[in-house]
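J.: There's a structure below that I have some questions on.
Residue numbers (my numbering): 989 to 1105.
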């Protein structure tokens, strides 16, 4: 499995987790999904969106889809960095691990997409 496939698989699995175990996902991200609507939004936004994009990139083998996966991961990482200054969130090991994963997986997907051209 190359880095692009790994990045797409990770995105798809993070989305699948959002669908299957939205309460645990929202807890891990320090979000509140205390209502049925909150759980539904977690499933759709953090679940369905990421699962579908990751699965599409895995199945299509498209460089464009790989770039979309990379942009998604990097977008999350860049906003997480900006949020440190804007929102000043409480950070823990998970916060930094997510940042490393977002930047690493995003970069890997873009490098893999470039190789497919």
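Just so it is clear, CB atoms sit at the ideal spot from N, CA and C, and this is done for glycine as well. Values in this document were obtained by computation on a predicted structure and should not be read as measured data.
#1: Which residues in the same chain have their Cβ closer than 8 Å to the Cβ of residue 1055, if we skip the five residues on either side of it in sequence?
#2: Would residue 1012 be called buried (16 or more neighbouring beta carbons within 10 Å of its own) or exposed?
#3: Please state whether DSSP places residue 1000 in a helix, a strand or coil.
#4: Measuring alpha carbon to alpha carbon, tell me which residue in 1070, 1075, 1103 and 1074 is nearest residue 1087.
#5: Out of curiosity, what's the CA-to-CA distance linking residue 997 and residue 1076?
#6: Considering only the alpha carbon of each residue, which of 1044, 1081, 1095 and 1050 lies closest to residue 1062?
#7: Do you know how far the Cα of residue 1035 is from the Cα of residue 1004?
#8: Report the three-state DSSP secondary structure of residue 1039 (helix, strand or coil).
#9: Is the beta carbon of residue 1043 closer than 7 Å to that of residue 989?
#10: Do residue 1030 and residue 1040 have their CB atoms nearer than 7 Å?
#11: Below 8 Å on the Cβ atoms is my contact criterion, and I expect residue 1053 with residue 1064 to pass it. Report the Cβ-Cβ distance as a whole number of Å.
T.: Straight from the coordinates:
#1: 1097, 1098 and 1101
#2: exposed
#3: helix
#4: 1070
#5: 31 Å
#6: 1095
#7: 6 Å
#8: helix
#9: no
#10: no
#11: Incorrect: roughly 17 Å between the Cβ atoms, too far for contact.
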